[in-house]
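So the structure is just underneath, and the comments pick up after that.
Residue numbers (our numbering): 1 to 124.
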């Protein structure tokens with residue numbers, strides 16, 4: 001029979017979406033596309049809204065709340081809401097992270113060229 005293993009479809013979908021959306025982001029940047037961060041309202045509606053609705057509707061149908069009939073989330077719904085959440089997190093965060101790394105790169109290149117390290121590395 002084997003050992004029982006905890007498996008959360010939503011978490012796997014979140015991490016899978018981060019991986020897939022990260023690859024898409026990297027491929028788009030390699031082709032020269034500039035990707036702007038998603039607006040926070042769209043992030044809330046598409047990224048947080050479905051996962052919150054699914055989770056809270058299931059929670060509020062359980063004891064002690066009993067606000068409506070007992071409801072259990074399906075694996076497909078968990079996977080879909082998790083994927084949307086993970087992909088929207090990438091769309092929100094990666095452009096900001098890339099911008100910050102770009103600023104750090106400019107500052108570092110200026111400092112290293114000032115002390116001559118960058119010039120020596122380019123001469124090799």
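Think of the CB as a built atom: it goes at the ideal place given N, C-alpha and C, for glycine as much as any other residue.
{"Asked": "Indicate whether the contact test is met: 3 or more Cβ pairs, each with one atom in the segment 47 to 65 and one in the segment 77 to 87, closer than 8 Å.", "Found": "yes"}
{"Asked": "Buried or exposed: residue 96, going by 16 or more other Cβ atoms within 10 Å of its Cβ?", "Found": "exposed"}
{"Asked": "Can you check which of these residues, 21, 28, 3, is closest to residue 93 by C-alpha distance?", "Found": "21"}
{"Asked": "Using the three-state DSSP reduction, which class does residue 91 fall into: helix, strand or coil?", "Found": "helix"}
{"Asked": "For the structure I just gave you, are there three or more beta carbon pairs, one from the segment 73 to 80 and one from the segment 28 to 40, closer than 8 Å?", "Found": "no"}
{"Asked": "To the nearest whole angstrom, what separates the beta carbons of residue 61 and residue 53, a pair I think is in contact under 8 Å?", "Found": "Rounded, the Cβ-Cβ distance is 12 Å, inconsistent with contact."}
{"Asked": "Can you find a heavy atom of the ligand NAD that lies under 7 Å from the Cβ of residue 65?", "Found": "Ligands in the displayed structure: none, and consequently the ligand NAD is not present."}
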